[in-house]
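> Quick note on my numbering: the sequence shown kicks off at 1 and runs consecutively.
Please read through the structure below; I'll follow up with questions.
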Amino acid sequence: MVISPPTKGIILVILGDGELLPENLNNEKVVVMRKGNSTNRELIVVKELGKLATPDLLKPPKEPVCNYAGDGNPLHEHKDGKWWFYDETWAFENGPYESFEDGSVALEAYCTTVLAVRESEIISLTEAAESETIQESEETDDSPTRS
């Protein structure tokens with residue numbers, strides 16, 4: 001596949017025999033041509049400007065690797081049989097682990113580490129806040145009073 005840089009907002013794509021157009025290039029500002037043995041090595045327009053590609057020209061979407069069902073358990077199995085778990089933000093996966101047991105041990109270690117760090121952060125922030133309160137209190141106690 002050859003993709004031109006945009007020229008006045010139009011992108012030209014040349015597909016070889018058997019190549020399919022990725023979904024991200026299925027746009028009205030993309031012109032798609034094919035060149036190969038099936039076209040006698042001539043450029044043939046297979047998707048015109050201003051139109052979307054027909055389904056037979058599009059690359060089928062990839063199946064997602066992660067098949068998490070949303071059951072609330074961060075530990076889950078991917079289609080390849082490997083085990084993964086989500087971090088505390090549910091944004092990133094950790095893994096792969098060979099078995100459910102390995103994943104469970106790793107998840108428990110992760111949670112223990114995260115909770116320990118969080119606990120130390122809370123203690124540190126609490127101590128800092130208490131220290132500031134004590135300093136403010138001492139500063140106001142030292143101020144001269146009027147009689």
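Glycine included, each C-beta is placed from N, C-alpha and C at the ideal position.
Just so it is clear, the structure is predicted and the values come from calculations on it, not from any experiment.
1. If you reduce the DSSP assignment to three classes, tell me which class R118 lands in.
2. Between which two residues does the beta strand (DSSP E) carrying I10 extend?
3. Within the same chain, show all residues whose beta-carbon is closer than 6 Å to that of E19, passing over the 5 residues directly before and after it, in chain order.
4. Does the count of Cβ pairs from the segment 88–104 and the segment 59–79 closer than 8 Å reach three?
5. Please return the same chain residues whose Cβ sits closer than 8 Å to the Cβ of F92, not counting the five positions on each side in sequence.
6. Check V65 in the structure and name its three-state DSSP category.
7. Go through its chain and collect everything with a Cβ distance to S38's Cβ below 6 Å, but skip five positions before and after it.
8. Here's the rule: buried if 16 or more other CB atoms are within 10 angstroms of the residue's CB, otherwise exposed. What is R34?
So, from the listed chains and residues:
1. helix
2. That residue, I10, is in no beta strand (DSSP E); it is neither H nor E in DSSP.
3. M1
4. yes
5. Y86
6. coil
7. D17
8. buried
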